[in-house]
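Comments concern the structure below.
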Amino acid sequence: MMAEYKLDATGLLCPMPVIKTQDRVADLQNGDVLEVICTDPGALNDVGAWCRINGHKLLETQQDEAQVIIKLEVMR
Amino acid sequence: MSRQIKAVSLISGGLDSLLATKVIMEQGVHVEGINFYTGFCVEGHTHAIRKKDKAKPKRNNALWVAEQLGIKLHIIDVIEEYKDVLINPKHGYGANMNPCHDCKTFMVHKALEWIESNDFDFIITGEVVGQRPMSQRKDTMPVIARESGAGDRLLRPLCAKHFEPSLPERENWVKRDELLDFHGRSRKPQMALAKKYGFEDYAQPAGGCCFLTDENYSKKLVDLWDARGNKEYEMDDIMLLKVGRHIRPANHFKLIVAREEGEVNFMQGYRNRFISIKTTSHPGPLVLVDGQPSAEDLQLAARIAARFSKGKQDDEVEVELRQANGESELISVKPMSVTEMPESWYV
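Residue numbers (my numbering), protein chains in the order written: chain A, -9 to 66; chain B, 734 to 1080.
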């Protein structure tokens, strides 16, 4: 059954948000959703690129002055 | 039926690793990328911090390269293991605190561990003989291959014809005829090859990718080690050396003075770990105090902070001294004058 998870990557700079996302996704199942919260605006591009490279689905992104939120679905 | 040959490519995000990988992919080898994060990577950090760079498009070049090639990329955090490489390099440092020879040996060794765990066949790097003064020389490149343990499982496609055939060539996993003979510091051959492959907008060659090759950064790192009396460091140290103006009035403490708004925002995140100083009567930068300052030292630090504020010409500036636990006090100080701050204090 699909589950939803959150990953707090606030305060981390490139490439740590990607590394943390990569490591967390390694433990998740097909269909699971991960919400990654970052303060590095570069994470928007980096996590997105990582998803495309590794075949995971980018569901949604939000950005304001304070943070970037990226939601992805694990595809295996 | 022959099995699919697989290689892992060390992807720095630069042009050479992009091209080296493509050359091997063109020969039908399945390639995945690997990128090792030591903590000293230049790209992205300053753009993420400095306000003037906020509008610049940001990308992780290693991810960009992987996407251009259509390959997976594994980014590996090696910050802890890398400490030993930096603190105790067998082959010493380059012009600054860059242990390039040991660094490359370490990364190839890690790649070897990876291919053994993942049932891959060989390792690719984008090294070009004669391009870099420490690690990319005709005499050092075979040493790196040997000391990493990879031996002839390490292939450098862009300059393979300058060396004896590697295992992938001898086994006919790749054709030696289709490998290259680049050498020297010129990037023209690489740029011509990139054009042939249709690659554009790649990271500009010859840019420094590691803070350890930077003279100013290296001075701050050595200063940190000298002051502490040992070469230990944490991630926060590496990050804070990349920002601010570092001022050391005495061996046991130093100030990190933010230079602009972006650095202030970044350094705010460290207020719960360091004593911080901020002028309140006049606009001024955030200052972090690293070390073990006495009360008298903090008065001096406050005067230095006032020096960098809009009140630097005034007789008195009000300053907030805030401890890491949140306790704070307001004091009034006379800003330091230029003549009171010796050049030797600046790291």
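All C-beta atoms, glycine included, are put in the ideal place defined by N, C-alpha and C. From a predicted model like this one, the values you see are computed outputs, not experimental measurements.
With H, G and I counted as helix, E and B as strand and the rest as coil, what does DSSP make of residue i?
i: Cys28/A; result: strand
i: Ala(-7)/A; result: coil
i: Tyr815/B; result: helix
i: Arg42/A; result: helix
i: Ser1009/B; result: strand
i: Asp22/A; result: coil
i: Pro822/B; result: coil
i: Ala33/A; result: helix
i: Val775/B; result: coil
i: Leu973/B; result: helix
i: Leu48/A; result: strand
i: Pro898/B; result: coil
i: Arg889/B; result: coil
i: Lys832/B; result: Per the sequence shown, residue 832/B should be read as Pro rather than Lys. DSSP places Pro832/B in coil when its eight states are reduced to three.
i: Pro982/B; result: strand
Have a look at residue i and residue j and give me their C-alpha separation to the nearest angstrom.
i: Ile27/A; j: Asp1047/B; result: 44 Å
i: Val798/B; j: Phe932/B; result: 10 Å
i: Trp958/B; j: Lys964/B; result: 5 Å
i: Gly863/B; j: Arg920/B; result: 12 Å
i: Ser1065/B; j: Met1000/B; result: 23 Å
i: Val762/B; j: Pro901/B; result: 10 Å
i: Gly45/A; j: Ile980/B; result: 47 Å
i: Met6/A; j: Val37/A; result: 10 Å
i: Ser1070/B; j: Val58/A; result: 42 Å
i: Ile877/B; j: Asn831/B; result: 16 Å
i: Gly772/B; j: Met968/B; result: 7 Å
i: Ala883/B; j: Leu845/B; result: 6 Å
i: Leu68/A; j: Gln19/A; result: Residue 68/A lies beyond the residue range present for chain A, which begins at -9 and ends at 66; the question has no answer from this structure.
i: Arg961/B; j: Gln1025/B; result: 11 Å
Compare the beta carbon distance of residue i and residue j with 8 Å and say whether it is the shorter of the two.
i: Val811/B; j: Leu912/B; result: no
i: His916/B; j: Ser868/B; result: no
i: Leu48/A; j: Val23/A; result: no
i: Val1050/B; j: Ser1014/B; result: yes
i: Arg1091/B; j: Lys1067/B; result: Nothing in the structure corresponds to residue 1091/B, since chain B is present only between 734 and 1080.
i: Val741/B; j: Glu765/B; result: yes
i: Leu926/B; j: Leu752/B; result: yes
i: Arg889/B; j: Thr858/B; result: yes
i: Asp854/B; j: Lys929/B; result: no
i: Leu796/B; j: Ile9/A; result: no
i: Ser1009/B; j: Val997/B; result: no
i: Arg992/B; j: Gly977/B; result: yes
i: Asp885/B; j: Val1080/B; result: no
i: Ser745/B; j: Asn829/B; result: no
i: Asp(-3)/A; j: Glu25/A; result: According to the sequence provided, residue -3/A is Leu. The question's Asp does not apply to it. Going by C-beta atoms, Leu(-3)/A is nearer than 8 Å to Glu25/A.
Could you spell out where the alpha helix (DSSP H) holding residue i opens and where it closes?
i: Pro875/B; result: Thr873 to Ser881
i: Ser742/B; result: Premise fails: Ser742/B lies in the beta strand (DSSP E), Lys739 to Leu743, not in any alpha helix (DSSP H).
i: Leu2/A; result: Looking at the DSSP string, Leu2/A is not in any alpha helix (DSSP H), and its letter there is neither H nor E.
i: Ile757/B; result: Leu748 to Met758
i: Gln801/B; result: Asn794 to Leu802
Return the first residue and the last residue of the beta strand (DSSP E) that residue i is part of.
i: Asn768/B; result: His763 to Tyr770
i: Val58/A; result: Val58 to Glu63
i: Asp17/A; result: No beta strand (DSSP E) holds Asp17/A; DSSP gives it neither H nor E.
i: Asp810/B; result: Leu806 to Asp810
Is the beta carbon of residue i within less than 7 Å of some heavy atom of the ligand FMN?
i: Lys816/B; result: This structure lacks the ligand FMN, and indeed carries no ligand of any kind.
* Hey, which unbroken runs of the alpha helix (DSSP H) at 4 residues or more fall wholly within the segment 900 to 965 of chain B? -> 900 to 903, 921 to 930 and 948 to 961
* Residue ranges of each beta strand (DSSP E) within the segment 1011 to 1072 of chain B, 3 or longer -> 1020 to 1024, 1050 to 1055 and 1061 to 1066
* Which residue spans inside the segment 839 to 864 of chain B form an unbroken beta strand (DSSP E) run of at least 3? -> 855 to 857
* To do: Return the chain-ordered ranges of every beta strand (DSSP E) run that is complete within the segment 984 to 1009 of chain B and spans a minimum of 3 residues.
  => Taking only runs of at least 3 residues, the beta strand (DSSP E) segments lying wholly in the segment 984 to 1009 of chain B are 986 to 990.
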